[in-house]
Amino acid sequence: MDAPVKKKKLGLKDRYAAMTRGLHWDTTYQPMEKVFPYDTYEGIKIHDWDKWEDPFRLTMDAYWKYQGEKDRKLYAVIDSFAQNQGQLGISDARYVNALKLFIQGVTPLEYYAHRGFQHVGRQFTGAGARVAAQMQAIDELRHFQTETHAISHYNKYFNGMHSANHWFDNMWYLSVPKSFFEDAFTGGPFEFLTAVSFSFEYVLTNLLFVPFMSGAAHNGDLSTVTFGFSAQSDESRHMTLGIECIKFMLEQDPDNVPIVQRWIDKWFWRGYRLLTLVAMMQDYMLPKRVMSWKEAWTMYAEENGGALFKDLARYGIREPKGWKDACEGKDHISHQAWATFYQHTHAAAFHTWIPKEDEMAWLSEKYPETFDRYYKARFEHWGQVEKKDGRWFNQVLPMLCQVCTVPMLFTEPGDATQIAYRETSYHGMKYHFCSDHCQEIFEHEPRKYVQTWLPVHQIYQGNCYPGDINPESPGDSPVREVLRYYKVKGGEDNGDFNTSHDRRHFSKWSGRTEDDGEKNHA
Amino acid sequence: MRETVADFEAKLPPDGLKTLGPYPLRQADTVDRFFGNWLTYLGWDNHLMFSAPLCVPLPPDLPFGALVRDVLPELFGEHPEFEQIDWQRAQWFNSNQRFYPDFGKSLEDHGFGHKTLIRFRTPALEGIRREIKSGQQAF
Numbered sequence: 001m002d003a004p005v006k007k008k009k010l011g012l013k014d015r016y017a018a019m020t021r022g023l024h025w026d027t028t029y030q031p032m033e034k035v036f037p038y039d040t041y042e043g044i045k046i047h048d049w050d051k052w053e054d055p056f057r058l059t060m061d062a063y064w065k066y067q068g069e070k071d072r073k074l075y076a077v078i079d080s081f082a083q084n085q086g087q088l089g090i091s092d093a094r095y096v097n098a099l100k101l102f103i104q105g106v107t108p109l110e111y112y113a114h115r116g117f118q119h120v121g122r123q124f125t126g127a128g129a130r131v132a133a134q135m136q137a138i139d140e141l142r143h144f145q146t147e148t149h150a151i152s153h154y155n156k157y158f159n160g161m162h163s164a165n166h167w168f169d170n171m172w173y174l175s176v177p178k179s180f181f182e183d184a185f186t187g188g189p190f191e192f193l194t195a196v197s198f199s200f201e202y203v204l205t206n207l208l209f210v211p212f213m214s215g216a217a218h219n220g221d222l223s224t225v226t227f228g229f230s231a232q233s234d235e236s237r238h239m240t241l242g243i244e245c246i247k248f249m250l251e252q253d254p255d256n257v258p259i260v261q262r263w264i265d266k267w268f269w270r271g272y273r274l275l276t277l278v279a280m281m282q283d284y285m286l287p288k289r290v291m292s293w294k295e296a297w298t299m300y301a302e303e304n305g306g307a308l309f310k311d312l313a314r315y316g317i318r319e320p321k322g323w324k325d326a327c328e329g330k331d332h333i334s335h336q337a338w339a340t341f342y343q344h345t346h347a348a349a350f351h352t353w354i355p356k357e358d359e360m361a362w363l364s365e366k367y368p369e370t371f372d373r374y375y376k377a378r379f380e381h382w383g384q385v386e387k388k389d390g391r392w393f394n395q396v397l398p399m400l401c402q403v404c405t406v407p408m409l410f411t412e413p414g415d416a417t418q419i420a421y422r423e424t425s426y427h428g429m430k431y432h433f434c435s436d437h438c439q440e441i442f443e444h445e446p447r448k449y450v451q452t453w454l455p456v457h458q459i460y461q462g463n464c465y466p467g468d469i470n471p472e473s474p475g476d477s478p479v480r481e482v483l484r485y486y487k488v489k490g491g492e493d494n495g496d497f498n499t500s501h502d503r504r505h506f507s508k509w510s511g512r513t514e515d516d517g518e519k520n521h522a
Numbered sequence: 001m002r003e004t005v006a007d008f009e010a011k012l013p014p015d016g017l018k019t020l021g022p023y024p025l026r027q028a029d030t031v032d033r034f035f036g037n038w039l040t041y042l043g044w045d046n047h048l049m050f051s052a053p054l055c056v057p058l059p060p061d062l063p064f065g066a067l068v069r070d071v072l073p074e075l076f077g078e079h080p081e082f083e084q085i086d087w088q089r090a091q092w093f094n095s096n097q098r099f100y101p102d103f104g105k106s107l108e109d110h111g112f113g114h115k116t117l118i119r120f121r122t123p124a125l126e127g128i129r130r131e132i133k134s135g136q137q138a139f
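Order-wise, the sequence lines are chains C and H.
Sequential numbering of the first sequence, starting at 1, is according to this note's numbering.
Sequential numbering of the second sequence, starting at 1, is according to this note's numbering.
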């Protein structure tokens with residue numbers, strides 16, 4: 001048969017080379033180091049960028065087609081979820097608080113990640129790494145968008161989502177994710193990749209995505225599950241970038257090893273502190289539980305992470321310094337965080353509650369060493385107070401750690417009855433920390449961390465009041481004025497779940513409450 | 001003569017921060033920003049109903065007695081053990097350093113400053129009991 005002779009197409013490998021490395025050129029009007037100053041100032045030595053491996057070999061045109069298909073599927077599901085009143089099918093209205101935490105604290109990080117990867121994509125001189133970073137930048141922007149669209153449906157029916165971006169920039173507990181990312185993208189490009197691609201995406205991401213996405217599946221939230229699937233294939237690409245970047249730096253020059261080790265120590269710990277919020281969500285906010293934080297930590301961090309650091313040992317890399325303390329913390333941090341939010345939830349944009357009896361039993365079972373011994377009596381006491389005198393809130397602002405900005409709620413390693421205090425002095429002022437590891441991060445770069453925007457201190461400086469308030473005398477209820485500045489609607493967005501609009505509305509619309517138990521899943 | 005950024009940076013202790021240009025010191029919480037008060041952190045050892053130590057702005061001339069009489073009840077008064085505290089027996093710490101307060105003297109007289117951490121321990125009241133008997137509260 002005569003077939004018309006076509007012009008020969010490039011093979012996959014050549015095509016990839018043409019569409020990535022073939023796009024690179026060296027500058028001639030200006031010296032390279034002036035155009036790309038970020039590439040070298042961190043002290044990382046790169047001798048041959050061509051050694052960078054691109055395991056996915058994805059080109060921009062293929063990427064575009066592939067993501068377009070995923071988006072079409074995702075938006076079809078989101079539409080049908082909305083048309084079928086999917087929000088009425090969730091386990092109970094307490095679940096929505098996990099989504100609030102997600103849209104307030106995780107979604108804005110996608111946007112920050114987008115900015116960070118754009119910066120890296122601009123500043124590296126290696127074309128393979130630049131293309132990977134640029135694609136990831138687009139992924140992150142897309143995640144910000146799809147999460148916002150998926151959750152906007154819930155925003156029509158529930159409180160605590162309407163001003164998520166404003167809250168991210170202002171609210172006390174959201175300084176934790178915000179400062180994490182601002183710390184990362186004000187580092188150089190190699191530190192950013194170690195922080196976000198390696199420590200967060202590669203080592204810790206399963207601890208973020210699995211709890212939220214399986215939590216959504218268990219609690220009847222199809223739209224979030226679909227978003228999760230849509231993002232998952234991107235995440236595996238991101239994780240690959242993380243491990244490739246680490247191996248590349250370590251293989252290029254032995255002088256890079258101590259720099260990378262320090263970054264791994266720092267960013268493992270910062271990521272771990274950030275995950276405190278996830279731990280709490282997983283153990284307390286999901287009406288239908290997936291697995292405990294302790295189980296997730298054991299599986300994803302201790303087992304997978306342990307294997308990873310064994311593998312990296314051949315480069316001279318050891319496990320992060322905070323590793324042992326983090327492993328000890330798996331028995332404690334979710335309870336400590338929920339206790340903190342329980343008492344400060346009048347100043348937060350989601351609801352908290354005392355776990356129900358069967359939920360307490362679940363916690364006792366999952367935390368046999370610690371829950372009954374250290375935490376249960378506290379919740380029982382608050383439950384009794386609530387019945388007798390009304391819901392208790394702590395009206396005084398907590399002391400915060402200068403680095404992670406989490407309230408100083410973590411206890412001393414080896415003693416769960418005593419808060420861990422660490423401090424140092426710098427340039428005539430005291431600085432306080434939650435742990436040895438946060439202190440060490442500070443002491444290595446004090447000029448960076450003396451700038452930390454600590455929400456409690458900002459309130460006392462008068463920077464978190466509406467314009468009509470005199471910060472020196474904010475009136476009889478400073479908290480109320482701060483909430484007004486935060487755009488948190490008192491009695492709607494904040495406070496206990498039991499007295500919330502969310503609870504009342506959901507029960508009215510669905511005919512179900514969280515007390516219906518198993519019936520909810522018939 | 002006006003101090004240049006370079007002069008100023010030369011006086012700072014060395015640190016590991018790598019930068020592309022000058023990086024002036026910007027301390028976010030200097031004492032001049034708190035309307036004459038000192039940020040003061042207060043923690044009650046082994047008592048975790050207040051899940052973190054608390055932070056309040058206090059005037060440096062506040063007598064220590066007023067701190068105990070007026071401020072602490074506002075902060076910790078809702079703890080079921082608070083009423084039982086015997087202040088004569090309480091142990092006080094400036095961070096980790098034991099001190100013996102004079103109730104008539106001010107915070108400043110005690111040598112405290114902006115961002116001082118004051119901890120107190122109430123030996124008879126253990127908060128979380130290490131061995132919990134049934135029916136006892138532990139926090």
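Each residue gets a CB set at the ideal place from its N, CA and C atoms; glycine is no exception.
Next item on the list: Determine, using beta carbons only, whether I419 (chain C) comes closer than 8 Å to chain H.
Entry: Within the first sequence, residue 419 (chain C) is the residue found at index 419, counting from 1. True, the Cβ-Cβ gap to chain H drops below 8 Å.
Measuring only the C-alpha atoms, how far is F229 (chain C) from M213 (chain C)? One-based indexing of the first sequence puts residue 229 (chain C) at position 229. One-based indexing of the first sequence puts residue 213 (chain C) at position 213. Going by the C-alpha atoms only, they are around 9 Å apart.
So which residues of chain C does R78 (chain H) contact, with C-beta pairs closer than 7 Å? Indexing the second sequence from 1 puts residue 78 (chain H) at position 78. The sequence shown places Glu at residue 78 (chain H), not Arg. Result: W392.
How long is the line joining the alpha carbons of R504 (chain C) and P73 (chain H), rounded to whole angstroms? Against the first sequence, residue 504 (chain C) aligns to sequence position 504. Against the second sequence, residue 73 (chain H) aligns to sequence position 73. In a straight line, the C-alpha of R504 (chain C) is about 36 Å away from that of P73 (chain H).
How would you call S80 (chain C), buried or exposed, if buried means at least 16 neighbouring beta carbons within 10 angstroms?
The residue you call residue 80 (chain C) lines up with position 80 of the first sequence. S80 (chain C) counts as exposed, since fewer than 16 other beta carbons sit within 10 angstroms of its beta carbon.
Residue from C:W172, C:A98 and C:G160 with nearest C-alpha to G220 (chain C) = What you label residue 220 (chain C) is simply residue 220 of the first sequence in a count that begins at 1. The closest CA to that of G220 (chain C), considering only C:W172, C:A98 and C:G160, is found on C:A98.
Item to complete: With a threshold of 16 other CB atoms inside 10 Å of the CB of K65 (chain C), please say whether the residue is buried or exposed.
Response: Position 65 of the first sequence, counted from the start, is the residue given in the question as residue 65 (chain C). An exposed status is given to K65 (chain C), since fewer than 16 other beta-carbon atoms sit within 10 Å of its beta-carbon.
- [ ] For G322 (chain C), go through chain H and note every residue whose CB falls closer than 8 Å to its CB, in chain order.
- [x] As a first step, residue 322 (chain C) is located in the first sequence; it is residue number 322 there, counting from the start. Within chain H, no C-beta atom comes nearer than 8 Å to that of G322 (chain C); the closest sits roughly 18 Å away.
Report the residue ranges of all alpha helix (DSSP H) runs contained in full by the region 74 to 116 of chain C; include only those spanning at least 4 residues, in chain order. Counting whole runs of 4 or more residues, the region 74 to 116 of chain C contains the alpha helix (DSSP H) stretches 96 to 105.
| Whole alpha helix (DSSP H) elements within the region 201 to 260 of chain C, 4-residue minimum | As far as the region 201 to 260 of chain C is concerned, its whole alpha helix (DSSP H) runs of at least 4 residues are 205 to 218 and 222 to 252.
- Task: Give the DSSP bridge partners of P398 (chain C), in chain order.
- Result: On the first sequence, residue 398 (chain C) is found 398 positions in, with the first residue counted as 1. BP columns for P398 (chain C) point to H:L54.
Say whether chain C places a C-beta atom closer than 8 Å to the C-beta of K133 (chain H).
-> Here residue 133 (chain H) is taken as the residue at index 133 of the second sequence, counted from 1. Residue placement at K133 (chain H) is poorly supported in this model, since its pLDDT is 49, which falls under 50; the coordinates still yield a value, given next. False, the Cβ-Cβ gap to chain C never drops below 8 Å.
**Study point:** Nearest to T240 (chain C) (by Cα), restricted to the options C:V278, C:S197 and C:A127
**Key:** Position 240 of the first sequence, counted from the start, is the residue given in the question as residue 240 (chain C). Residue nearest to T240 (chain C) within the set C:V278, C:S197 and C:A127 is C:S197 (criterion: CA-CA distance).
Check your understanding: Hey, does D45 (chain H) have any beta-carbon neighbour from chain C nearer than 8 Å?
Key -> Here residue 45 (chain H) refers to the residue found at position 45 when the second sequence is read from its first residue. At least one chain C Cβ lies under 8 Å of D45 (chain H).
Within 10 angstroms of the Cβ of T224 (chain C), are there 16 or more other Cβ atoms? Answer buried if so, exposed if not. Start at 1 with the first residue of the first sequence, and residue 224 (chain C) comes out as number 224. So T224 (chain C) counts as buried.
Here's a check: name, in chain order, each residue in its chain whose Cβ is nearer than 6 Å to the Cβ of P55 (chain C), leaving out the five neighbours to either side. Residue numbering aside, residue 55 (chain C) sits at position 55 when the first sequence is read from its first letter. Around P55 (chain C): T240.
Margin query: Based on DSSP bridge pairs, tell me the residues matched to D496 (chain C).
Written below: For the purposes of this step, residue 496 (chain C) is taken as the residue at position 496 of the first sequence. Beta-bridge pairing links D496 (chain C) to C:T352.
*Delimiting residues of the beta strand (DSSP E) encompassing K430 (chain C)*: Against the first sequence, residue 430 (chain C) aligns to sequence position 430. For K430 (chain C), the uninterrupted beta strand (DSSP E) run begins and ends at M429 to F433, by DSSP.
Look at the Cβ atom of A337 (chain C), then the Cβ atom of T276 (chain C), and state whether they are nearer than 8 Å.
On the first sequence, residue 337 (chain C) is found 337 positions in, with the first residue counted as 1. On the first sequence, residue 276 (chain C) is found 276 positions in, with the first residue counted as 1. The answer is yes: Cβ separation under 8 Å.
Practice task
Please check if any C-beta of chain H sits within less than 8 Å of the C-beta of V396 (chain C).
Solution key: The residue you call residue 396 (chain C) lines up with position 396 of the first sequence. Judged by the 8 Å Cβ criterion, V396 (chain C) is in contact with chain H.
Excluding the 5 residues flanking T411 (chain C) on each side, which residues of the same chain have their C-beta closer than 8 Å to its C-beta?
In the first sequence, counting from the first residue as 1, residue 411 (chain C) sits at position 411. So the list reads H332, Q336, T417, Q418, I419 and A420, once near-sequence residues are dropped.
Simplified DSSP assignment, three categories, for Q136 (chain H) | In the second sequence, counting from the first residue as 1, residue 136 (chain H) sits at position 136. The predicted model places Q136 (chain H) with a pLDDT of 45, which falls under 50 and marks its position as unreliable; any figure quoted below should be read in that light. Three-state DSSP puts Q136 (chain H) in coil, outside helix and strand.
Legend entry - In DSSP terms, what Q91 (chain H) is bridged to: What you label residue 91 (chain H) is simply residue 91 of the second sequence in a count that begins at 1. In DSSP, Q91 (chain H) forms a bridge with H:R121.
Taking a cut of 9 Å between CB atoms, which residues from the region 38 to 51 of chain C lie near chain H? Against chain H - using a Cβ distance shorter than 9 Å - the residues of the region 38 to 51 of chain C are Y38, Y41, E42 and G43.
| message | Cutting at 6 Å between CB atoms, please list the residues of its own chain near D139 (chain C), excluding the five before and the five after it. | response | Here residue 139 (chain C) refers to the residue found at position 139 when the first sequence is read from its first residue. Around D139 (chain C): D234.
Query raised in the report: Using the beta-carbon of each residue, which ones in chain C are nearer than 7 Å to G16 (chain H)?
Result: Taking the second sequence and counting its residues from 1, one reaches residue 16 (chain H) at position 16. Ordered by position in chain C, the residues that pass the 7 Å Cβ test against G16 (chain H) are H444 and E445.
Would you say the region 101 to 115 of chain C touches the region 178 to 195 of chain C, given that touching needs at least three Cβ pairs under 8 Å?
The region 101 to 115 of chain C, when compared against the region 178 to 195 of chain C, does touch it at the 8 Å Cβ threshold.
inquiry  = In this structure, how does DSSP classify F371 (chain C) when only helix, strand and coil are distinguished?
reply    = For the purposes of this step, residue 371 (chain C) is taken as the residue at position 371 of the first sequence. Looking at F371 (chain C) - three-state DSSP - the assignment turns out to be helix.
>> Which residues of the region 20 to 34 of chain H have a Cβ closer than 9 Å to any Cβ of chain D? Give them in chain order.
In response: The displayed structure is made up of protein chains C and H, and chain D is not among them.
Out of curiosity, what's the CA-to-CA distance linking G16 (chain H) and T226 (chain C)?
Here residue 16 (chain H) is taken as the residue at index 16 of the second sequence, counted from 1. Here residue 226 (chain C) is taken as the residue at index 226 of the first sequence, counted from 1. Each residue's Cα considered, the two are about 44 Å apart.
> Do the region 201 to 211 of chain C and the region 278 to 297 of chain C meet, that is, are 3 or more Cβ pairs less than 8 Å apart?
Replying inline: Segment contact: the region 201 to 211 of chain C against the region 278 to 297 of chain C, three or more CB-CB distances shorter than 8 Å; contact assigned.
| said: With a threshold of 8 Å between beta carbons, is W453 (chain C) in contact with chain H? | reply: If you number the first sequence from 1, residue 453 (chain C) lands on position 453. So, interface residue.
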